[in-house]
Each structure stands twice: as structure tokens, then as C-alpha cells.
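Everything on this sheet refers to the single structure shown next.
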Amino acid sequence: MREDNHEKRIFYKFIFLLVVTGLIVIVWIWKWTADDPKEQDPKEMFETSSQQENMQEPVNIDEEKINAVLKDEGESKKPDAADENKQSEQTESNQEEDDLEQKYIIQYSEREVEQAKEQAEKVLALYILQVTDWDKWEDAVTANYLENMQKEMTNFKDEKAKRELDAIDLFASQPLKDGEITFGAYASWHVTVKGKSTSKPMQLYYITLQKAGDKWIVSNMVTPNNQNMEGEGKKN
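Next comes the structure, spelled out in C-alpha cells:
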């Protein structure tokens with residue numbers, strides 16, 4: 001009887017251990033599937049591990065190339081020396097023109113300088129447009145200059161070409177003689193023949209004015225080095 005009871009106890013213990021072991025296995029399987037519902041392929045696990053290692057490794061940066069790029073960017077941002085010189089010269093030129101005009105104003109008055117500028121612009125426009133209505137020239141130029149213009153316009157005016165003035169930009173210039181006012185002027189215009197544009201000239205002129213009574217009139221007008229004036233200096 002005792003032997004039978006002993007065997008039963010051993011059997012019950014064995015059953016108990018099996019049940020406990022089964023429960024442990026079930027809990028472990030449940031935990032595994034809950035943490036990773038999709039079973040990973042060993043190959044995928046290896047690739048994932050390799051990617052993580054690569055991300056952790058420092059990237060091999062070519063420092064020389066980076067330095068070269070930074071150097072090029074730095075040089076490109078530096079202002080060009082030629083441009084700086086050009087801007088400086090332009091600033092100095094504008095300052096000189098303003099100073100000359102101010103000297104004219106101090107010497108003659110602002111009203112007289114403005115009247116001289118208007119007269120210079122008017123005569124230059126008449127010249128460029130080849131206006132031969134001489135009444136418009138009178139009281140704007142000296143008698144000698146009017147005579148020269150009448151000869152020049154008669155000999156060199158092109159009746160087929162039509163001119164249209166685009167712009168005149170006046171600036172004060174150094175006078176050749178005391179008692180005179182000189183203006184420089186950049187003039188641009190275009191020439192059409194039978195309705196078709198043939199050229200768009202631009203020219204620098206220097207216009208000299210002298211006092212006649214209570215106003216200023218043009219006594220001379222030249223281009224740099226006295227060249228390129230239509231009809232001037234031309235010999236057949």
C-alpha cells in the first residue's frame with residue numbers, strides 16, 4: 001500500500017512538472033510573438049545589423065574637396081578689383097561734375113546755370129535732328145556758329161533719313177576760357193529710312209556757351225578730339 005501511494009505521489013509530481021513546464025513554454029511563446037509579431041528571416045536580421053553598424057561608423061569625408069569648395073565660394077564673394085576701381089572712378093567723376101556745376105552756380109547763379117543747360121540741350125537737339133528751320137536757331141547760338149551750321153546742314157543733310165532723339169544727358173565740364181560755361185552731353189538717337197531703323201548712334205559732345213546780354217548762347221560744339229561731328233573735318 002505504501003509503495004502504491006509513493007508511486008502515485010511521484011506520478012502526480014511528474015504531471016505537475018509537465019503542466020508547469022507547459023505553462024512556461026506557452027508564456028514564453030506568447031511573449032515572443034507579442035514583441036515581434038512578424039518572424040524575421042535570419043538573412044534580414046543580418047542585413048539590419050549591418051546597416052546599424054554602417055550608421056554608427058563615421059562617414060569618410062574628403063576634407064580637401066570641402067576646403068576647395070569653401071575656398072571657391074569665398075573667392076566668388078570677393079568683389080572684383082576691376083569693378084571696385086570702375087565704381088570708384090565713376091564716383092569720383094560724378095563728384096567732380098557736381099563740384100563744377102556748383103562752381104558755376106556760385107559764379108553766375110543757379111538761374112543762369114539752368115538757363116545755360118536748357119540752351120545747350122536745345123541746340124544739341126536741333127543739331128542731332130538736323131533742323132533747318134533757322135528761326136529756331138536764332139537767339140540760341142552765336143552768329144558765327146549759326147553760319148557754320150547753315151553750311152554744314154546744307155552740305156550733309158540726308159533728306160531720306162529721319163532722326164528721332166532718344167535722350168540727352170548733360171553734365172558740367174571744365175570751361176576752356178574764363179567767362180564761359182561748358183557742358184558735356186551724352187546723346188542717343190535712332191535713324192530710320194523708309195520706316196526701318198538703320199542705326200542707333202550714341203555720341204559724347206562738349207558744348208560751350210558764352211554770355212550774350214542777360215542769357216547764355218552756344219558758341220561752339222565739338223566731340224572728343226574734335227572728331228565725328230557730321231561734316232566737320234571732312235574733305236573731298
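Going by the UniProt record's numbering, 31 is the number at position 31 of the sequence shown; the sequence numbering is gapless. Don't be surprised by glycine CBs; every beta carbon is placed ideally from N, CA and C. These numbers were taken from a predicted model, which means no experiment stands behind them.
Original post:
DSSP state of residue 216, grouped into three classes?
Top reply: In the three-state reduction of the DSSP assignment, residue 216 falls in the strand class, which pools E and B.
Original post:
How far does the alpha helix (DSSP H) with residue 124 in it reach, from first residue to last?
Top reply: 110 to 128 is the extent of the alpha helix (DSSP H) around residue 124.
**OP:** Give me whichever residues DSSP pairs with residue 169 in a beta bridge.
**Re:** BP columns for residue 169 point to 186.
Subject >> Range covered by the beta strand (DSSP E) that runs through residue 198 >> reply: For residue 198, the uninterrupted beta strand (DSSP E) segment begins and ends at 196 to 199.
**OP:** Assess, as a yes-or-no matter, whether the segment 110 to 127 is touched by the segment 202 to 215 under the definition of 3 or more beta carbon pairs within less than 8 Å.
**Re:** Yes, the segment 202 to 215 touches the segment 110 to 127.
**OP:** Please classify residue 64: does DSSP put it in a helix, a strand, or coil?
**Re:** The answer is helix: DSSP assigns residue 64 an H, G or I state.
Subject >> Minimum C-alpha distance to residue 206 - residue among 194, 200, 188, 182 >> reply: The residue from 194, 200, 188, 182 with its alpha-carbon nearest to that of residue 206 is 182.
Original post:
How about residue 158 and residue 188: are their beta carbons less than 9 Å apart?
Top reply: Cβ distance not < 9 Å, so residue 158 and residue 188 don't count as in contact.
Original post:
Should residue 161 be labelled buried (16 or more other beta-carbon atoms within 10 Å of its own) or exposed?
Top reply: By the 10 Å Cβ count, residue 161 comes out exposed.
Subject >> Residues that residue 162 bridges to, as DSSP identifies them >> reply: As computed with DSSP, residue 162 is found in a beta bridge with 192.
**OP:** Would you kindly check if the distance between the Cβ of residue 100 and the Cβ of residue 203 is under 9 Å?
**Re:** Residue 203 places its beta carbon 9 Å or farther from that of residue 100.
Subject >> Closer than 8 Å: residue 102 CB and nearest the ligand SAM heavy atom >> reply: Within the structure as shown, the ligand SAM is missing, as the structure has no ligands at all.
**OP:** Go ahead and pull the three-state DSSP assignment for residue 25.
**Re:** For residue 25, the secondary structure class from DSSP, reduced to helix, strand or coil, is helix.
Original post:
Quick one: what's got a C-beta closer than 7 Å to residue 168's C-beta in the same chain, skipping five residues either side?
Top reply: Cβ neighbours of residue 168 beyond the five flanking positions: 121, 124, 125, 185, 187.
Subject >> Nearest candidate by alpha-carbon position, reference residue 108, set 219, 26, 30, 209 >> reply: Each of 219, 26, 30, 209 was checked against the Cα of residue 108, and the nearest Cα belongs to 209.
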